[in-house]
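**Student:** First, the structure itself, so that you have it in front of you.
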Amino acid sequence: ELLPLKKADQPAYLDWSVGSFRLATAGAETATQVHTHLCYSEFAVVIDAIAALDADVTSIEAARSRGDVIDDISASGFSHGIGPGVYDIHSPRIPSVEEVTELLERAVKAIPTRQIWVNPDCGLKTRGYAETKASLRNLVAATVAVREEVGAPQG
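Quick note: the sequence shown, position 128, residue 129 per my numbering, numbers continuous.
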């Protein structure tokens with residue numbers, strides 16, 4: 002999100018960011034799963050830095066772009082867990098089961114299912130309880146449907 006505009010400054014910034022993240026997570030127990038999140042970004046530009054974080058799972062805002070980042074993830078060979086967001090939490094609109102299913106189907110066609118995490122774009126602090134509950138209900142229904150389609154275990 003804060004990548005320097007000057008391309009010459011970007012490598013040092015990314016090195017600093019990776020080092021800071023790894024320092025902050027160095028004390029985590031081996032059994033602790035480390036998750037991180039990227040707001041809207043040009044994933045292809047920062048993929049090497051994301052991989053270097055060595056986080057177990059990275060969630061990425063992807064719903065507004067209808068999952069465009071999925072192609073970058075697939076092309077990069079990214080091997081960690083990845084959660085391309087399946088609904089835009091910045092909008093009060095409740096995504097339909099069909100919308101979420103469409104994004105999940107796109108993801109499972111491009112990324113190994115063992116890597117995929119299903120999550121909203123970001124935190125839900127800007128949303129009310131009723132819309133959050135309805136949106137998450139649709140997210141779960143879509144997840145169950147896609148897991149059945151691809152023969153992945155439920156739960």
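For every residue, glycine included, the Cβ atom is placed at its ideal position computed from N, Cα and C.
Predicted model only: the values in this text are computed from it and were never measured.
#1: Would Ala111 pass as a contact of Ile51 if the rule is Cβ separation under 9 Å?
#2: Helix, strand or coil for Val119? Go by DSSP, reduced to three states.
#3: To which residues of the same chain is Asp122 closer than 6 Å at the C-beta, ignoring the five residues directly before and after it?
#4: Go through the segment 53-88 residue by residue and report every complete run of the beta strand (DSSP E) that reaches 3 residues or more, in order.
#5: Of all the options Val147, Gln116, His38 and Leu137, which has the alpha carbon lying nearest to the alpha carbon of Gly78?
#6: Spatial neighbours of Asp170 within its chain, please: CB distance less than 8 Å, with the 5 preceding and 5 following residues excluded, ordered by chain position.
#7: Using a Cβ-Cβ cut-off of 7 Å (strictly less than) and excluding sequence neighbours within five positions of Thr102, which residues of its own chain qualify?
#8: Count the other CB atoms within 10 Å of the CB of Gly124; is the residue buried (16 or more) or exposed (fewer)?
#9: Hey, how far is the Cα of Phe22 from the Cα of Tyr14?
#10: In this structure, how does DSSP classify Thr26 when only helix, strand and coil are distinguished?
**Tutor:** So, from the listed chains and residues:
#1: no
#2: coil
#3: Glu62, Ala64, Gly86, Asp89 and Ile90
#4: 58-61 and 82-85
#5: Gln116
#6: This structure gives no information on residue 170, because the portion of the chain shown stretches from 2 to 156.
#7: Ala143, Ala146 and Val147
#8: exposed
#9: 12 Å
#10: helix
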